[in-house]
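Residue numbers (full-length UniProt numbering): 1 to 369.
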Amino acid sequence: MPRPNGSRLLHLAAAVDQEAGFDAASHIGSARLAERGGLDFVTLGDSFARPGPEALAVLARVAPATTRVGLVPTVTTTHTEPFHVQAALATLDWVSRGRAGWRIDVSTTEGEARLFGRRHALPADALWHEAGQVADVAARLWDSWEDGAEMRDEPTGRFGDRDRLHRVDFEGDTFSVRGPSIVPRPPQGHPVRVVDATDRHARRTAARYADVALIRATDPAQAGAVRDLLHAAAVGHGRNPDELRVLAALTVDLGAGERVAEPGWGSALFARERELGGGGGNGPRGPLYRGGPVDLAELIAAWHGTGAVDGFHLTPVEPSRDLERLVNGTVVLLQHRGLFRTFYPGSTLREHLGLARPANRYAETGGAS
C-alpha cells in the first residue's frame, strides 16, 4: 500500500523526443529548458524501426551544451554487442561529467531482426532475460577498471595500471565477454539504468538491475501496489529497495488550459489509457493527462504525498509547447510549495536521484566476481 513520503525528495524527468529528430539544436533547446527547471533527467527514445540518428549520439551532442541535467538515451540490448553498448554509455558519462543514464529496451519485431540477419525475433521473456544479462555484464565491465587505474604516465608510456584492470569472463546465454573494458570506469561508477517496468518480463529485470523503474498507473493505489511489488522483488534479489527509484510515466497534454476536473478523478484529468507509441521506442507512453499546469502540479503533489511514487516521468504530447508549460508552470508551482528543488545540489545524475556511487566489486574482493 502507498506510504507517506515524508520529506523524500520529489523526482521529475521528461522526454525530449521530437517529431523531426534530425535537428540537434532542438534537442539542445529542450534539454536546456529541462535543466532550467531543475529536472533530474531527460530521456530520448530510440529503436531500430525509427529513422534518424541514434539517441545516444544525439545526447552526446547535447552533453557539452548542458551542465547539470541527466541524459538518458534508449539503447536496445537486442542485436547489439554488450561490450560496445557499455563502452558507449561509459563514454557518454565521461563526456557529460557524470550525467549519463541508460534506458534499457529490447527489440521485439521480426522487421528489426531482419536488419541484422543473425536470428529471428524472440519472445519477450527471452529478450528481457538477455537484457538483464547485458545489464549485469555492463556493470562488471564498468568495474573492470578500478578507480585510479588510469595512469597516463608519459615517461613510461603506461596508460593504465595492469594490476587494477580485471577480466570479467562473463558467459551469457547468447553472448560472452572477456574484458576488461576499453574505457576507464565512468565518473558515476555505473551510469544510471532505467527500465520501463510495464511488461511483467521487464519488471523482473527492473527489480534486479534498474536504478529507476518507470510504471504506468491511473491512481495512487495502483501505483503504490506496483511499487511494492518492485521493492519486494528487489529484496528477493538481495537489493536494498531504497536504491530503486519508482517514477510514474504520464503523457501530458497541457494545451487545453485549466478546466473542471472530470467526475471521479479529483484534480487528475486523465483521458483513457491508450497505446501511444513513445518517442520511437517500443512501448506505450502511459495514461494521458489533459489539462493545465496547475492541476498537473496538484496531481503530482498528491501522488507523491501518499508515497505511491518517488516522482514522475512526463512525455509531452506537443514537445515544445508542453515542455515549456511544464517547466514554467507546473515546476514553478511545485517549487513554490517546497516540493521540488530550485537548484541542483550536486553535479551527477546519481546525486540528483539520491543514489550512492556503487563500490567497485573487483577492488572490494580482489578480483573475484
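Just so you know, even glycine gets a beta-carbon here, dropped at the ideal spot from N, CA and C.
Treat the numbers as computed from the prediction; the structure is a model and nothing was measured.
Boundaries of the beta strand (DSSP E) in which residue i is found, first to last residue
i, result
"Arg103", "101-105"
"Phe312", "311-316"
"Arg290", "288-290"
"Leu214", "212-215"
"Val42", "41-44"
Beta-carbon gap between residue i and residue j smaller than 7 Å
i, j, result
"Ala87", "Val194", "no"
"Ala248", "Val309", "yes"
"Arg216", "Val246", "no"
"Arg167", "Gly179", "yes"
"Val42", "Ala57", "no"
"Ala13", "Asp46", "no"
"Ala65", "Ser96", "no"
"Arg357", "Arg350", "yes"
"Leu33", "Leu44", "no"
Distance between residue j and residue i (C-alpha atoms, nearest Å)
i, j, result
"Ala124", "Gly38", "35 Å"
"Trp145", "Pro287", "42 Å"
"Arg200", "Gly160", "42 Å"
"Pro284", "Glu171", "At Pro284, the pLDDT of 49 sits below 50, so the modelled position is not reliable; the number obtained from the coordinates is stated separately. Those two C-alpha atoms are separated by around 33 Å."
"Thr205", "Leu127", "10 Å"
"Gln188", "Trp94", "9 Å"
"Glu262", "Gln133", "In this prediction, Glu262 scores a pLDDT of 40, lower than 50, which makes its location untrustworthy; no coordinate-derived value is stated."
"Ala301", "Leu355", "22 Å"
"Pro220", "Asp163", "51 Å"
"Asp143", "Arg185", "6 Å"
"Gly238", "Ala207", "10 Å"
"Thr306", "Thr218", "14 Å"
"Asp17", "Tyr209", "25 Å"
Where residue i falls: helix, strand or coil (DSSP)
i, result
"His120", "coil"
"His352", "helix"
"Tyr344", "coil"
"Leu299", "helix"
"Val168", "coil"
"His304", "helix"
"Arg193", "strand"
"Gly179", "coil"
Delimiting residues of the alpha helix (DSSP H) encompassing residue i
i, result
"Arg321", "319-325"
"Pro73", "No alpha helix (DSSP H) contains Pro73, which is instead part of the beta strand (DSSP E) from 70-76."
"Ala34", "24-36"
Counting only runs that start and end within the region 195-245, where is the alpha helix (DSSP H) found for 4 or more residues in a row?
The region 195-245 contains these whole alpha helix (DSSP H) runs: 200-209, 220-236.
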